[in-house]
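Everything on this sheet refers to the single structure shown next.
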Amino acid sequence: MTIEKIFATGLLVALSAASFLAPSYALTTPEATALAVGETDARIAALSKAVQTADAQTAAFIQALADDNVKVSEGKVFVIKDGKTTDPLSGNELPAPTSLDDVVNNNRMRAEIDNALAALKLFSKDEADRRAAIKSLQGEADESKLELIEKAYAAEPNPQIKQALGMVRAAVLLGSADAKKRLEATQMLAFSNSPTTKTALIERIKIEEDTDVKIALKAALTQVEAGLVWGERLAAIFSGLSLGSILLLVALGLAITYGLMGVINMAHGELMMIGAYATYVVQALFLKYFPAAFDWYLLAAVPVAFAAAALVGAALERSVIRFLYGRPLETLLATWGISLMLMQLVRTIFGAQNVGVENPSWMSGGITLMGNLQLPWNRIIIIAFAAAVLLGMAFLIGKTRLGLFVRGVTQNRPMAACMGVNTARIDTYAFALGSGIAGLAGCALSQIGNVGPDLGQSYIVDAFMVVVLGGVGQLAGTVYAALGLGILGKFLEGFAGAVLAKIAVLVFIIIFIQKRPQGIFAMKGRSAEA
2 MTIEKIFATG LLVALSAASF LAPSYALTTP EATALAVGET DARIAALSKA
52 VQTADAQTAA FIQALADDNV KVSEGKVFVI KDGKTTDPLS GNELPAPTSL
102 DDVVNNNRMR AEIDNALAAL KLFSKDEADR RAAIKSLQGE ADESKLELIE
152 KAYAAEPNPQ IKQALGMVRA AVLLGSADAK KRLEATQMLA FSNSPTTKTA
202 LIERIKIEED TDVKIALKAA LTQVEAGLVW GERLAAIFSG LSLGSILLLV
252 ALGLAITYGL MGVINMAHGE LMMIGAYATY VVQALFLKYF PAAFDWYLLA
302 AVPVAFAAAA LVGAALERSV IRFLYGRPLE TLLATWGISL MLMQLVRTIF
352 GAQNVGVENP SWMSGGITLM GNLQLPWNRI IIIAFAAAVL LGMAFLIGKT
402 RLGLFVRGVT QNRPMAACMG VNTARIDTYA FALGSGIAGL AGCALSQIGN
452 VGPDLGQSYI VDAFMVVVLG GVGQLAGTVY AALGLGILGK FLEGFAGAVL
502 AKIAVLVFII IFIQKRPQGI FAMKGRSAEA
């Protein structure tokens, strides 16, 4: 069953359920013609009238208008669907006319048709449909739909939906010619926490002539703004946590390659890029060979992104880095050159343009907690993913044999070698691990933006700042620094803008490092004491 058929069935049920609220009038030929033919203003007026007395036939005809299934021939209106020509009044199939003209719906008309359909869905038995209808009507409803909204408001059994519908009703009454109704609407809207309400109140204050109503409008606006403040603060905190989790994912790999191994790897951003492109390739393979399982491509992309970046990192360490340990300037220059080579390689293979990576359906949408606070699922999942990677890395470094060897080589390489540790192999494993985590960061980043050859350049400097601020070699410091810088940056953006916020964060880091060169947490061990 198609979506259109499901909607039509639901609409018929909804209208039959609401039939006790208003008398039912059958669609007439003049009404159908007025809805389909003529100037836009006249058609909108006919649509508003039809909505007030809509029966099942009228609702079906309005839906046909929305679907561009209505045609006109010699002044008569027909519905053409699935190759069949039917009479919109009786629903009977008719012979196809020799010539048919399309009914042209401009953007304004389409918006009015959508609003009309949303208003009719207020009587649906499905709560999700009624919620969607209310959301669609917010800021769009006018007095022509007031009667229908009031009937739906009176019949609504769900208290939460009734409250939301009451806010839509109040927003309509705010434009009423009756000052008492405007005052009543203002008092109701004072309890709203929607940015749309704030905008409506501001616009009404500009044109309001009644003194009492204007005073009430200003008081309501103050109350609404006070309610929105907490939503804005929580939104800034969530945005900061989201940015901090991304910085954490990027910096975790550097915490190993730079923090533990002392390698200034300027190609770390390009390892992230490789992880992102690996995710893109997996997506393309699923689209081509496993389209039915596309929603699960990301689960396959995670290990692929890790493995791709880890292999490139291991090859980089074995071919270049191992000859440059203890020579930071040469390492910096060499890895910077490698980063340019990797970017050019990606441009040659995939092109210079960005490529799009789609979110699975279970990462789409979000959770609405307040009128101005919505938490997108892709951001929530990335925060959880960053936490899982952090826990896995902490376990690996702190509780496994490989982690013990890495810590031993980091703190005292000669002593570790004397104890039988193959330090060269551990270096390769550690560098591959850090590179693989960079690949995971690229996989996560692909879910919130486009993937391009310059992806890594946007985060590499911030990642180094996180590692240095947190304390070289300290995972806990990396976490505190990433989340702290993310939240601080988002709060400062609200006051000073993105550019000045970035400068302020950089100045803060410089001052902090001047006062505490070892970062938030100092490295423990003989290497730190030497």
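Numbers given in my numbering equal positions in the sequence shown, counted from 1, plus 1.
Ideal Cβ placement from N, Cα and C applies to all residues, glycine included.
Here the structure is a predicted model, which is why all the values come from computation and not from measurement.
Separation of residue j from residue i, as counted between CA atoms
i	j	result
Thr29	Ser49	15 angstroms
Arg183	Ser177	6 angstroms
Phe239	Val480	16 angstroms
Ala220	Met189	12 angstroms
Leu507	Gly245	15 angstroms
Ile135	Asn107	24 angstroms
Ala389	Leu300	14 angstroms
Gly352	Gln345	9 angstroms
Leu36	Asp83	22 angstroms
Val469	Leu334	19 angstroms
Arg348	Gly338	16 angstroms
Ile514	Val467	12 angstroms
Met342	Ile247	25 angstroms
Ser100	Phe79	12 angstroms
Arg132	Leu121	12 angstroms
Phe396	Ala308	19 angstroms
Asn93	Thr87	5 angstroms
Val533	Val422	Past the edges of the chain, shown from 2 to 531, lies residue 533, and the structure says nothing about it.
Phe192	Ala186	11 angstroms
Ala153	Ala46	21 angstroms
Arg517	Met364	41 angstroms
Met462	Met110	Strictly speaking, residue 462 in this sequence is Val, with Met absent from that position. The straight-line gap from Cα to Cα measures roughly 50 angstroms.
Ala502	Phe509	10 angstroms
Ala217	Ala180	11 angstroms
Glu40	Ala129	35 angstroms
Leu138	Ala315	57 angstroms
Pro196	Arg426	58 angstroms
Leu255	Leu325	17 angstroms
Glu210	Gln64	40 angstroms
Gly399	Tyr278	31 angstroms
Leu235	Thr59	45 angstroms
Gly263	Ser436	14 angstroms
Val230	Lys85	55 angstroms
Ala43	Trp378	43 angstroms
Val452	Asn355	5 angstroms
Val1	Cys444	Because the chain is modelled from 2 through 531, residue 1 falls outside the range shown and cannot be assessed.
Which listed residue (the options) has its alpha carbon closest to that of residue i
i	options	result
Ala201	Thr258, Arg170 and Asp213	Arg170
Leu374	Ala156, Asn194 and Leu333	Asn194
Phe124	Ala309, Ala57, Glu94 and Thr87	Ala57
Thr429	Thr336, Glu331 and Ile322	Ile322
Asp102	Ile150, Ala335 and Lys72	Lys72
Glu1	Asn70, Lys77 and Ala67	In the structure displayed, the chain extends from 2 to 531; residue 1 sits before or after that span and is not available.
Gly276	Leu255, Ile247, Leu118 and Ala311	Ala311
Glu113	Arg131, Ala67 and Asp213	Ala67
Phe492	Lys85, Pro158, Leu242 and Pro89	Leu242
Leu1	Ile512, Lys516 and Met273	The first residue shown for the chain is 2 and the last is 531, placing residue 1 beyond what the model contains.
Gly232	Ala65, Phe465, Leu370 and Ala153	Leu370
Gly440	Ala268, Phe291 and Ala60	Ala268
Val105	Thr336, Val452, Ile81 and Asp69	Asp69
Cβ-Cβ separation, residue j to residue i (assumed contact under 8 angstroms), whole Å
i	j	result
Ala483	Leu249	4 angstroms
Gly495	Ala227	Incorrect: roughly 17 angstroms between the Cβ atoms, too far for contact.
Gly471	Ile521	5 angstroms
Leu286	Phe295	Contact doesn't hold; Cβ gap of about 10 angstroms is too wide.
Pro329	Ile265	5 angstroms
Thr198	Val225	6 angstroms
Val214	Tyr281	That pair is no contact at about 56 angstroms.
Ala505	Ala497	7 angstroms
Val533	Ala464	Because residue 533 is not part of the residues shown, which for the chain are 2 to 531, the question remains open.
Leu149	Val52	6 angstroms
Ser74	Pro89	Their Cβ separation, rounded to whole angstroms, is 13 angstroms, which puts Ser74 and Pro89 out of contact at 8 angstroms.
Leu222	Ile208	Rounded, the Cβ-Cβ distance is 14 angstroms, inconsistent with contact.
Residues bridged to residue i (per DSSP)
i	result
Ile81	Thr86
Ile368	Leu376
Leu95	Thr86
Val71	Val80
Leu103	In the sequence on display, residue 103 carries Asp and not Leu. For Asp103, which the question treats as bridged, DSSP gives the partners Lys72.
Val452	Val356
Would the segment 375-384 and the segment 445-465 be scored as touching if the rule is three or more Cβ pairs under 8 angstroms? yes
Sufficient close CB pairs (3 or more, under 8 angstroms) joining the segment 395-406 to the segment 452-465: no
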